[in-house]
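Just below is one structure, and these are the notes that go with it.
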Amino acid sequence: MASAHVDRDYVGKAREAGANWILVKPLTFRRLYEGLVNVIMDERGFVEGEVYVGPDRRVLVGMAGYDGVERRKDAQP
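Here the sequence shown is numbered in our numbering, starting from 94 and rising by one per residue.
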């Protein structure tokens, strides 16, 4: 998705609608090319849950320091 609106609320709504990548306008040719390469090369996992089936929308950037409770089914005790 490409947009000149990049406030947190707008980006959140775009992600809820299915956008995985948001390019900020105005775009240069180089940034557009890099964005297209990112979309093509992105190997997102696929999730099959009780209420959601589709691409994994989690973004791991910034999660490396997560220190909370591990709640995944396959978590090691």
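Quick reminder that beta carbons are idealized off the backbone N, C-alpha and C, glycines included. Being a predicted model, the structure only gives us computed values, none of them experimental.
A straight-line Cα-Cα distance of about 15 Å links Met134 and Ile115. DSSP places Leu116 within a strand segment (E or B) once states are collapsed to three. Linking Glu127 to Gly147 through their CA atoms gives a straight-line distance of about 24 Å. Cβ-Cβ separation between Gly142 and Asp149: approximately 10 Å, too far for a contact (criterion under 8 Å). Membership of Val99 in any beta strand (DSSP E) is not indicated, and neither H nor E is assigned to it by DSSP.
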